[in-house]
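See structure below.
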Amino acid sequence: MTYSKNIIDNIFGGIRPTSRALGKAATTIQGWYDSGTIPQKHWADIINAAKSFDHTLNSEDFFPKQLSRLESFGYPFNKLHCLSIDDFNRPDIETLLSLGAHYLDLNIQKNPNNRVLKGKTLINLFFENSTRTEKSFELAGKRLGADVISMQIANSSVNKGETLMDTAVTLNAMNPDIIIVRHSASGAPALLSQKVSCSVINAGDGIHEHPTQALLDALTIKSAFKKISGLRVAICGDILHSRVARSNVKLLNMLGAEVRLIGPKTLLPSEAETWGVNIFNNMKDGLEDCDIIMMLRLQIERMSDALIPSKREYFHFYGLDKEKIAYTKRRTLVMHPGPMNRGVEISSEIADDEKISLIKKQVETGVAMRMGILHALSNSQDSIK
Ligand code: NCD
163 MTYSKNIIDN
173 IFGGIRPTSR
183 ALGKAATTIQ
193 GWYDSGTIPQ
203 KHWADIINAA
213 KSFDHTLNSE
223 DFFPKQLSRL
233 ESFGYPFNKL
243 HCLSIDDFNR
253 PDIETLLSLG
263 AHYLDLNIQK
273 NPNNRVLKGK
283 TLINLFFENS
293 TRTEKSFELA
303 GKRLGADVIS
313 MQIANSSVNK
323 GETLMDTAVT
333 LNAMNPDIII
343 VRHSASGAPA
353 LLSQKVSCSV
363 INAGDGIHEH
373 PTQALLDALT
383 IKSAFKKISG
393 LRVAICGDIL
403 HSRVARSNVK
413 LLNMLGAEVR
423 LIGPKTLLPS
433 EAETWGVNIF
443 NNMKDGLEDC
453 DIIMMLRLQI
463 ERMSDALIPS
473 KREYFHFYGL
483 DKEKIAYTKR
493 RTLVMHPGPM
503 NRGVEISSEI
513 ADDEKISLIK
523 KQVETGVAMR
533 MGILHALSNS
543 QDSIK
């Protein structure tokens, strides 16, 4: 049982009595109940109100320390890998997002006693460069008490396929519990998962998928808008080379958002027509009435031909600036998975404006979401054993 359910059910006697005791809307209490967490600003009021119910609470009761390895959120999550959004059904995703929300709260609280992954070993295996993803997995693992090893092999000159399998055999012999892999070849993590006896997380494979980025993006959107269903989300720019876009399209569609893709024809894959999205080639039409604009990096390193005339011209037509954001005609929030090319796909004026930019929030949410994913996979391993 999560700590919020425990407080709501066992101290106040349910959602309505809690709502009466605190003088807060039942929907707010329901939110705490469902997410498993209660924001810190309400703790003092709850501690006070609990006294008239003959209960002495203290701030320790608001740390989700009771969330042991085998507890989850009511649904039996039993997936061993995180390779693609296709691996998960709706209840899986809801469980992962709830766990992510739970750790978002915990991150802010920084509970040093969290030992959910104690005794587990994580290996970060990054064949491509990474700042955010690798470091956030490292931090997520450490915050849950795991041993984390990070192998930096981005610049290896050895043939990638061979290196991956050789490395897999070597690593498997070290008996890790979870391997987090990033590779330039689409499908590499899936192949690896067949060769090792531990869980595998895809941290980005070629232009295929980046499921943990989509999950952290969904959690960021949910935290900002309190919902995802019904929102209109525009994903803009270099869709062709973006694994982030592919995972996001799948996840946002599953969660009931309306997804639009905006970009020049040369940067839109022809199969995008089958993705259940609306496609636009100009920002003015595409951005209208969007709640979220997700900008993508121009991935020059993956382009073999010249797909854009020049970076300057690209910014002129597709770079997000104050003028183009006005096309939305409503309050819109902006996201970017990073790393950003300032002045190419996004202006600094937009990226650094905390009133509209969720970019820093995405990084913060990334650690929490990855804690949730690690927790869920480790939970499955333990329940299958
Ligand atoms: C993305 C990636 O590597 O796919 N970055 C990330 O994980 N935050 C996007 C990119 O490289 O542009």
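Throughout the sequence shown, residue numbering follows this note's numbering, covering 163 to 547 in sequence.
All C-beta atoms, glycine included, are put in the ideal place defined by N, C-alpha and C.
Source: prediction; values computed, not measured.
heavy atom of ligand 1 below 7 Å from residue i C-beta
| i | result |
| --- | --- |
| GLN549 | Given that the chain is displayed from residue 163 to residue 547, the structure contains no residue 549 and the question cannot be resolved. |
| SER292 | yes |
| HIS537 | no |
| ARG422 | no |
| HIS370 | no |
| VAL439 | no |
| VAL529 | no |
| PRO351 | no |
| ARG549 | The structure shown has nothing for residue 549, since the chain only spans 163 to 547. |
| THR295 | yes |
| ARG464 | no |
| PRO431 | no |
| PRO253 | no |
| ARG493 | no |
| ARG394 | no |
| PRO373 | no |
| GLY448 | no |
| ARG405 | yes |
| GLY366 | yes |
| GLY500 | yes |
Residue j beta carbon less than 8 Å from that of residue i
| i | j | result |
| --- | --- | --- |
| ILE397 | ILE363 | no |
| LEU377 | LEU354 | no |
| LYS491 | GLU450 | yes |
| VAL421 | VAL406 | no |
| MET533 | TYR265 | yes |
| LEU423 | ILE401 | yes |
| ARG294 | VAL496 | no |
| CYS452 | ARG394 | yes |
| ARG344 | SER385 | no |
| ILE535 | THR374 | yes |
| ILE177 | TYR165 | no |
| LYS473 | VAL506 | yes |
| HIS403 | GLN461 | yes |
| ILE191 | ILE173 | no |
| ASP267 | THR199 | yes |
Whole-angstrom C-beta distance between residue j and residue i, which should lie under 8 Å
| i | j | result |
| --- | --- | --- |
| MET313 | ILE342 | Between ILE342 and MET313 the Cβ distance is about 10 Å, and since that is not below 8 Å, they are no contact. |
| ILE247 | LEU413 | 5 Å |
| ASN276 | LEU301 | In fact, because the Cβ distance is near 12 Å, the residues do not count as touching under 8 Å. |
| GLY262 | MET531 | 4 Å |
| LEU539 | SER361 | 5 Å |
| LEU381 | THR428 | At roughly 32 Å, the Cβ-Cβ gap does not stay under 8 Å, so LEU381 and THR428 are not in contact. |
| SER510 | LEU482 | In fact, because the Cβ distance is near 11 Å, the residues do not count as touching under 8 Å. |
| ILE518 | THR494 | 7 Å |
| LEU438 | GLY399 | Rather than Leu, the amino acid found at residue 438 in this sequence is Gly. About 19 Å; that fails the 8 Å criterion. |
| VAL358 | HIS537 | The Cβ separation is near 20 Å, so there is no contact. |
| SER346 | PHE289 | 6 Å |
Residues bridged to residue i (per DSSP)
| i | result |
| --- | --- |
| GLU371 | ASP367 |
| VAL278 | Answer is none; VAL278 lacks a bridge partner. |
| LEU482 | ILE508 |
| ASP309 | THR283 |
| ARG532 | Partner(s): none; ARG532 has no beta bridge. |
| SER361 | ILE340 |
| VAL496 | ILE455 and SER519 |
| ALA396 | ARG422 and ILE455 |
| ASN440 | ARG422 |
| HIS345 | ASP367 |
Looking at C-beta atoms only, is the number of pairs between the region 338-353 and the region 363-370 that lie closer than 8 Å three or more? Yes, the region 338-353 touches the region 363-370.
Assess contact between the region 456-464 and the region 432-439, defined as three or more Cβ pairs (one per stretch) separated by less than 8 Å. Is contact present? No, the region 456-464 is not in contact with the region 432-439.
Whether or not the region 498-506 and the region 234-250 are in contact is what I'm after, with contact meaning three or more pairs of Cβ atoms, one per stretch, closer than 8 Å; do they touch? As far as the Cβ criterion goes, the region 234-250 does not touch the region 498-506, which means the pair count is below three.
The region 206-221 contacting the region 168-183, beta-carbon criterion three pairs below 8 Å: Using a Cβ-Cβ distance cut-off of 8 Å, the region 206-221 and the region 168-183 are in contact, since at least three pairs of beta carbons, one from each stretch, lie closer than that value.
Would you call the region 297-313 in contact with the region 254-262, where contact means no fewer than 3 C-beta pairs closer than 8 Å? No: fewer than three Cβ pairs fall under 8 Å.
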